[in-house]
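Chains A and B, in that order, give the protein sequences. Residues 100 to 207 in the numbering used here are what the first sequence spells out, letter by letter. Residues 21 to 140 in the numbering used here are what the second sequence spells out, letter by letter.
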Amino acid sequence: DIQMTQSPSSLSASVGDRVTISCRASQSVSNYVNWYQQKPGKAPKLLIYTSSNLRSGVPSRFSGSGSGTYFTLTISSLQPEDFATYYCQESHTSYSYTFGQGTKVEIK
Amino acid sequence: QVQLQESGPGLVKPSQTLSLTCTVSGVSISNTDYYWSWIRQPPGKGLEWVGYIFHTGDTYSNPSLKSRVTISLDTSKNHFSLNLTSVTAADTAVYFCARVITWRREADYWGQGTLVTVSS
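See the structure below:
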C-alpha cells in the first residue's frame, strides 16, 4: 500500500505569511497527487490536481509542485479564510486512493 | 450544477450492516468520465477512502475494508449506494460521497457528509 506522510501536522501562521506544506509518498506516484482544503463541519474542497494544476475558481495564491515521492502545497500570502486543514492524496493507481494525515493551519 | 447528497440511518448497531445512498444531480452516473466514490472520516481524524464504482459496475475498495464493502449503482434513480457489513465502533464516521474524474482521479465534487454512529 502507498503511504502519504504530511508535514507538519499543524502550524501557526499570521495573515500574509507564506506557508508551505509537504507530502511524501512511500513510493513513486508520478505526479498523481491532489490537495484538498477542509473546514470544520464541511466536506473537503479540491484545490490542486495532478500536483500543480489549480482548480478553476481557486485563488492563485495556492500552488502545488512535485513529482515522484515529494510534493508541496504553498499558500503565497495566507488569508483569514485559509485557516483550515489541508490533505494531500495520491491517485496513482485504480486500487489505491490514499490521503495524508492532514495539516491544520491555525492563526498565530 | 453538480450536487451529491448522502442519506441513510445515522445509527447502526454493532455487527449489523451500514447502508447509505448518494443521490446525484446535474450529471448522469452513467457518464464514462467519472467514478463514484465513498470516503469516510472518523470524528476528529483524517480522511479514509472506502471505495468507488465505475459506470460499468466495476468496483475498487480499500484493501483494509474490501471484504465488507459493496458499492452499487442504480442508474434509473441516478444514485449509488454503500453497504458495509459487520460494523464495529471503529466504523463510526462521517461518510462522504464524491465524484472522481476517471483519467486523473481527483474528487472534484463532494456531498456534505452524513454521520453514522455504530452503537448498541
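Positions of the beta carbon are idealized from the N, C-alpha and C atoms, including for glycine. Computed from a predicted structure; not experimentally measured.
Check	Outcome
For the stretch 156 to 175 of chain A against the stretch 22 to 35 of chain B, are there 3 or more C-beta pairs whose distance is under 8 Å?	no
May I ask you to report which of helix, strand or coil DSSP gives A118(B)?	strand
Can you check whether the C-beta of F170(A) is within less than 9 Å of a C-beta belonging to chain B?	no
Kindly indicate the opening and closing residues of the beta strand (DSSP E) around L110(A).	S109 to A112
Suppose you measure from the CA of A118(B) to the CA of R125(B); what does that come to, to the nearest Å?	11 Å
Where I101(A) and P83(B) are concerned, what is the direct C-alpha to C-alpha distance, given to the nearest angstrom?	11 Å
Just the Cα atoms here: how many angstroms apart are P107(A) and H99(B)?	38 Å
Answer with buried or exposed for Y169(A), where buried requires no fewer than 16 other C-beta atoms within 10 angstroms of its C-beta.	exposed
When the Cα atoms are used, what is the spatial distance from Q105(A) to V47(B)?	34 Å
Mapping the DSSP letters down to three states, classify D116(A) as helix, strand or coil.	coil
Secondary structure at E126(B), three-state DSSP: helix, strand or coil?	coil
Which residues in chain A sit within 8 Å of F116(B), going by Cβ to Cβ distance?	A142 and P143
Taking a cut of 8 Å between CB atoms, which residues from the stretch 144 to 159 of chain A lie near chain B?	K144, L145, Y148, T149 and R154
Do you know offhand how far L93(B)'s Cα is from S111(A)'s?	43 Å
Determine the direct distance from the alpha carbon of C122(A) to that of T202(A), and round the result to whole angstroms.	10 Å
Apply the 10 Å Cβ neighbour rule to I73(B) and answer buried if 16 or more other Cβ atoms are within range, or exposed otherwise.	buried
Quick one: is S50(B) near chain A, going by C-beta distance under 9 Å?	no
Can you pull the chain B neighbours of G167(A), defined as C-beta to C-beta under 8 Å?	Those do not exist, as G167(A) stays about 17 Å from chain B at its closest Cβ, beyond 8 Å.
State the DSSP-derived secondary structure class of A183(A), mapped to helix, strand or coil.	coil
If I measure Cβ to Cβ from V138(B) and keep anything under 7 Å in the same chain, skipping five residues before and after, which residues do I get?	V32, P34, V107, T108, A109, D111 and T112
Shortest alpha-carbon distance to G165(A) belongs to which of S175(A), S176(A), S151(A) and Q178(A)?	S151(A)
How should R60(B) be labelled, buried or exposed, when 16 other C-beta atoms within 10 angstroms of its C-beta is the threshold for buried?	buried
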